[in-house]
Amino acid sequence: MTAGIRIDTLTIRVPLTLRRYGGRKLVIVPEGEGVPVRAKPTPDDTLLKALARAHRWKRMLESGQVASLNELSEAEKISPSYMTRIYRLTLLAPDIVETILDGRQPRTLQLADLMDDMPVEWHRQRERFGMAAR
C-alpha cells in the first residue's frame with residue numbers, strides 16, 4: 001500500500017479569538033498585531049441606533065416632555081436599567097461619537113463595550129475603546 005512512503009504531520013497553532021460582530025463572527029488577531037483596518041468605513045447599525053436613542057431621550061428629558069428616566073422607561077416600555085445604560089452614551093467624547101457615526105470605530109467595538117462601566121473622562125474613554133484623540 002504505502003510501503004516506503006513517509007507521511008509527516010505539521011501542526012500550526014495560531015492564538016485567535018472569535019467574537020460576534022453584527023451577527024457575524026470576527027477573527028481577532030493575536031496580541032501585538034493590532035486590529036485589522038477596514039477597507040472602507042462601515043457604520044455599525046446597532047451603535048448608531050443606540051446613540052440616536054440616547055440623544056432622543058436626552059432631548060425629551062431636557063425639554064420637559066418627560067420628568068424622569070423612570071417615566072421615560074415606562075413610556076418606552078424598556079427596563080430602567082437598560083435605559084440608563086443606553087442613556088450614558090450621551091456622555092461619550094464628541095470625537096468618539098463622530099468616529100462611530102463615520103463607521104471608523106475599531107472593528108471589535110460593540111455596544112456591550114460602551115454600556116459596560118464606561119469611564120466618564122473622555123481621555124479614559126479613548127484609551128479604553130482604542131481611539132486616539134484627533
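In the numbering used here, the protein residues as written are 1 to 134.
From the three backbone atoms N, C-alpha and C, an ideal C-beta is built for every residue, glycine too.
A quick note: this is a predicted structure, and the numbers were derived from the prediction, not measured.
**Report entry** Residue nearest to Pro106 in terms of C-alpha spacing, selected from Leu47, Glu76, Arg56 and Ser73
**Finding:** For the purposes of this step, residue 106 is taken as residue 106 along the sequence shown, with counting starting at 1. Comparing Cα-Cα distances from Pro106 to each of Leu47, Glu76, Arg56 and Ser73, the minimum goes to Leu47.
Report task. Assign Tyr107 to one of three DSSP states: helix, strand, or coil. Result -> Locating residue 107 in the sequence shown gives position 107, counting from the first residue. In the sequence on display, residue 107 carries Arg and not Tyr. Residue state, collapsed to three classes: coil.
Report task. Compare the Cα-Cα distances from Arg123 to each of Asp113, Ala112, Ile96 and Leu109 and report the closest residue. Result -> What you label residue 123 is simply residue 123 of the sequence shown in a count that begins at 1. Reading off the sequence, residue 123 comes out as His, not Arg. That would be Ile96, whose Cα lies nearest to the Cα of His123.
Requested in this report: Output the residue ranges of the beta strand (DSSP E) runs that lie fully inside the stretch 3-80 and measure 3 residues or longer, sorted by chain position.
Outcome: 17-21 and 24-28
Query raised in the report: Going along the chain, which residues of its own chain have a beta-carbon closer than 8 Å to the beta-carbon of Ala54, five neighbours each way excluded?
Result: As a first step, residue 54 must be located in the sequence shown, where it is residue number 54. Same-chain partners within the cutoff: Ile86, Tyr87, Arg88, Leu89 and Thr90.
Query raised in the report: By a C-beta neighbour count over all protein chains shown, 10 Å radius and 16 as the cutoff for buried, is Thr9 buried or exposed?
Result: Counted from its first residue, the sequence shown places residue 9 at position 9. Exposed, since its Cβ has fewer than 16 Cβ neighbours within 10 Å.
Query raised in the report: At which residues does the alpha helix (DSSP H) containing Val120 begin and terminate?
Result: Along the sequence shown, read from residue 1 onward, the residue named residue 120 stands at position 120. Here Val120 belongs to no alpha helix (DSSP H), and DSSP marks it neither H nor E.
**Report entry** Three-state class that DSSP yields for Leu92 in the structure shown
**Finding:** The residue labelled residue 92 in the question sits at position 92 within the sequence shown. It is coil, neither helix nor strand.
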